[in-house]
Amino acid sequence: DGGITQSPKYLFRKEGQNVTLSCEQNLNHDAMYWYRQDPGQGLRLIYYSQIVNDFQKGDIAEGYSVSREKKESFPLTVTSAQKNPTAFYLCASSIDGVGNTIYFGEGSWLTVV
Amino acid sequence: GQQVMQIPQYQHVQEGEDFTTYCNSSTTLSNIQWYKQRPGGHPVFLIQLVKSGEVKKQKRLTFQFGEAKKNSSLHITATQTTDVGTYFCAVSNSGYALNFGKGTSLLVTP
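From first to last, the protein sequence lines stand for chains A and B. The first sequence runs 17 to 129 under the numbering used here. The second sequence runs 1422 to 1531 under the numbering used here.
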């Protein structure tokens, strides 16, 4: 099936630990994104990448890091520097980065205790 | 990036009543998109509006783009329980990524 696969769906980590969320797409899309969703806050952009080996900070990039070594993959690392990491994380992709329709994965729930 | 204000934040209706959510910007938009997120799910694209004054319909859903391209609305006629979810508008951030409104959460009571 074509689409965006995020893993794991649920993740628990202790405070102070880094954690990496996986995102893979087989849609042959150039652009990929990471959004964070908190209750009542809508979707906030963490990082986006328009092309392999290039990525840009979004509105809330502090405490996060990404890589884009392959077109299909855009992993997100939540570092210990992120003060409030517990949230729902959504990966998405689009054909290109020029404001086109984006398609979301099913999301990853991260709980830090 | 471009910011959009979405109102109301919550709406609770009886099944069969109509529902409208509004999205407003202080700047002129090139286009606007609407997404729906069911409880526990991920956002799914509904529609994109590009032209000034554009109106598009999808069954009971009517989408409008303002004449000045600074606002948009989503209207649902005769809501059903399947309409439950959060509706987001989204606008392009300098053409590279979408900025989402905070969403309107719709609850429909049978």
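Glycine is no exception: its CB is placed at the ideal position from the N, C-alpha and C atoms.
Chain-ordered chain A contacts of H1433/B [CB-CB under 7 Å]: Here residue 1433/B is taken as the residue at index 12 of the second sequence, counted from 1. Within chain A, no residue has its beta carbon less than 7 Å from that of H1433/B; the closest one is some 16 Å off.
Residues of chain B with CB under 7 Å from T117/A, in chain order? To locate residue 117/A, count along the first sequence from 1; it is residue 101. Within chain B, the residues near T117/A are Q1454, F1466 and Q1469.
Closest to W1455/B by C-alpha separation, out of L1528/B, S1447/B, A1499/B and K1478/B, would be which residue? On the second sequence, residue 1455/B is found 34 positions in, with the first residue counted as 1. Cα-wise, what sits closest to W1455/B is K1478/B.
Helix, strand or coil at T1503/B according to DSSP, with G and I counted as helix: Counting from one through the second sequence, the residue named residue 1503/B turns up at place 82. Secondary structure at T1503/B: helix, using DSSP grouped into helix, strand and coil.
Report, in whole angstroms, the separation of the C-beta atoms of S81/A and T93/A, which I expect to be a contact under 8 Å. In the first sequence, residue 81/A corresponds to position 65, counting from 1. In the first sequence, residue 93/A corresponds to position 77, counting from 1. Your pair S81/A and T93/A checks out as a contact, with CB atoms roughly 5 Å apart and the cut at 8 Å.
Given a cut-off of 8 Å on the beta-carbon distance, is the pair T36/A and G121/A in contact? In the first sequence, residue 36/A corresponds to position 20, counting from 1. In the first sequence, residue 121/A corresponds to position 105, counting from 1. Taking a C-beta distance under 8 Å as the contact criterion, T36/A and G121/A do not qualify as a contact pair.
Can you list, in chain order, the residues of its chain with a C-beta nearer than 6 Å to that of V128/A? Leave out the 5 residues immediately preceding and following it. As a position in the first sequence, residue 128/A is number 112, starting the count at 1. Here the set comprises R29, E31, P101 and T102.
Starting from T1439/B, follow the beta strand (DSSP E) in both directions and report where the run begins and ends. As a first step, residue 1439/B is located in the second sequence; it is residue number 18 there, counting from the start. According to the sequence displayed, residue 1439/B carries Asp and not Thr. No beta strand (DSSP E) holds D1439/B; DSSP gives it neither H nor E.
Can the beta-carbon of G113/A be found less than 8 Å from the beta-carbon of Y63/A? Mapped onto the first sequence, residue 113/A falls at position 97. Mapped onto the first sequence, residue 63/A falls at position 47. Going by beta carbons, G113/A and Y63/A fall outside the 8 Å limit.
Using a beta-carbon distance below 8 Å, is E88/A in contact with chain B? By one-based count along the first sequence, residue 88/A stands at place 72. Output row for E88/A: interface = no.
Please report the distance separating the alpha-carbon of K1491/B from that of A47/A. For the purposes of this step, residue 1491/B is taken as the residue at position 70 of the second sequence. For the purposes of this step, residue 47/A is taken as the residue at position 31 of the first sequence. The straight-line gap from Cα to Cα measures roughly 26 Å.
Tell me whether L106/A sits in a helix, a strand or coil according to DSSP, three-state version. In the first sequence, the residue the question calls residue 106/A occupies position 90. In the structure shown, L106/A sits in a strand (DSSP, three-state: E or B).
Am I right that G74/A and A1518/B are in contact with their C-beta atoms under 8 Å? What's the rounded C-beta distance? On the first sequence, residue 74/A is found 58 positions in, with the first residue counted as 1. On the second sequence, residue 1518/B is found 97 positions in, with the first residue counted as 1. That pair is a contact at about 7 Å.
What first and last residue would you give for the beta strand (DSSP E) that runs through N1492/B? Reading the second sequence from its first residue, position 71 is the one you call residue 1492/B. For N1492/B, the enclosing beta strand (DSSP E) stretches over residues N1492 to I1497.
Do you know how far the Cα of S89/A is from the Cα of E1436/B? In the second sequence, counting from the first residue as 1, residue 1436/B sits at position 15. In the first sequence, counting from the first residue as 1, residue 89/A sits at position 73. Going from the Cα of E1436/B to the Cα of S89/A covers about 42 Å.
Show which residues of chain A have a CB atom less than 7 Å away from the CB atom of S1513/B. Residue numbering aside, residue 1513/B sits at position 92 when the second sequence is read from its first letter. Counting only Cβ-Cβ distances below 7 Å, S1513/B has contacts in chain A at G115, in chain order.
Could you work out which residues of chain A lie near S1473/B, taking near to mean beta carbons separated by less than 7 Å? Position 52 of the second sequence, counting from 1, holds the residue named residue 1473/B. Ordered by position in chain A, no residue passes the 7 Å Cβ test against S1473/B, which lies about 17 Å from the chain.
Using a Cβ-Cβ distance cut-off of 8 Å, determine whether L37/A contacts chain B. Taking the first residue of the first sequence as 1, we reach residue 37/A at position 21. No, L37/A lies away from the interface with chain B (no Cβ there is under 8 Å from its Cβ).
Anything in chain B within Cβ reach of E122/A, meaning under 9 Å, just list it in chain order. Position 106 of the first sequence holds residue 122/A. Result: G1462 and H1463.
Name, please, each residue of chain B whose Cβ falls closer than 7 Å to the Cβ of Q33/A. Sequence index remark: in the first sequence, residue 33/A carries index 17 (1-based). Per Cβ cutoff of 7 Å: no residues; Q33/A is ~26 Å from chain B at best.
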